[in-house]
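Numbering-wise (the working numbering), the sequence shown opens with residue 1 and increments by one. C-beta atoms are modelled at their ideal positions from N, C-alpha and C, and glycine is treated no differently.
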Amino acid sequence: MTLHGVFMEILGLGVLVCGASGVGKGELALELVTRGHRLIADDAPEFHATADTAPQGTCPPLLQDMLEVRGLGVLNIRALFGVAAIAPRAVLALKVHLQPNAVTTLHTFTPDYRTCTVLGRDIPEVTLPLMPGRNTALLIETLVRDFKLRRSGYDAAQDFVRRQRDFMQRQREA
1 MTLHGVFMEI LGLGVLVCGA SGVGKGELAL ELVTRGHRLI ADDAPEFHAT ADTAPQGTCP
61 PLLQDMLEVR GLGVLNIRAL FGVAAIAPRA VLALKVHLQP NAVTTLHTFT PDYRTCTVLG
121 RDIPEVTLPL MPGRNTALLI ETLVRDFKLR RSGYDAAQDF VRRQRDFMQR QREA
């Protein structure tokens with residue numbers, strides 16, 4: 001199965017970054033590579049799974065090592081940044097949809113995780129609103145770090161609510 005987007009290995013997890021054409025996926029991938037993360041496939045990653053495995057993504061041979069960045073054209077990431085900037089494959093752990101001009105509230109305590117189905121498996125998916133001046137690479141890195149914490153059982157928003165509840169309880173008792 002081929003999906004549209006840039007497939008990256010970010011902090012050890014396979015992350016598919018998708019969004020409309022021209023939204024900035026290539027530029028974001030380039031920034032993530034410069035921050036030490038690895039490109040798997042640009043534009044058309046291929047995903048395969050067996051009955052007992054999660055979807056694993058690879059790059060079709062024609063696109064191997066290549067990344068298109070608007071204004072720069074097609075770049076060979078391996079030639080520019082070395083072999084460490086490329087990963088041959090990764091298990092798809094998270095899908096991030098880039099949404100320009102998304103309407104959001106100013107005080108959102110937690111990302112809105114949904115699921116999408118890839119090769120019969122439910123994959124967590126989150127929409128990241130794009131706005132001028134935001135450091136999207138930093139936001140993606142932080143989103144992946146938070147996702148990993150959630151998978152291990154820690155939720156910062158729940159922790160914050162618990163702290164507030166405990167604080168209010170102590171105030172009532174004082």
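Check your understanding: Are L3 and A54 closer than 9 Å when you measure CB to CB?
Key -> Against a cut-off of 9 Å, the Cβ pair of A54 and L3 comes out as no contact.
Point to revise | Proximity below 9 Å, CB of V91 to CB of Q56 | key: yes
Point to revise | Cβ shell of I40 (< 8 Å), same chain only, five flanking positions each side left out | key: F7, M8, E9, G14, G57, T58, C59, I86, A87, P88, R89 and A90
Check your understanding: For G5, does the three-state DSSP call read helix, strand or coil?
Key -> strand
Check your understanding: In chain order, what residues of the same chain have a beta carbon less than 8 Å from the beta carbon of T117, not counting five sequence neighbours either side?
Key -> I123
Practice item. Let me know the alpha helix (DSSP H) ranges lying completely inside the stretch 56 to 117, each 4 residues or longer, listed in chain order. Key: 77 to 81
Check your understanding: Over what stretch of residues does the alpha helix (DSSP H) that includes L32 continue unbroken?
Key -> Per DSSP, the continuous alpha helix (DSSP H) segment holding L32 begins and ends at K25 to T34.
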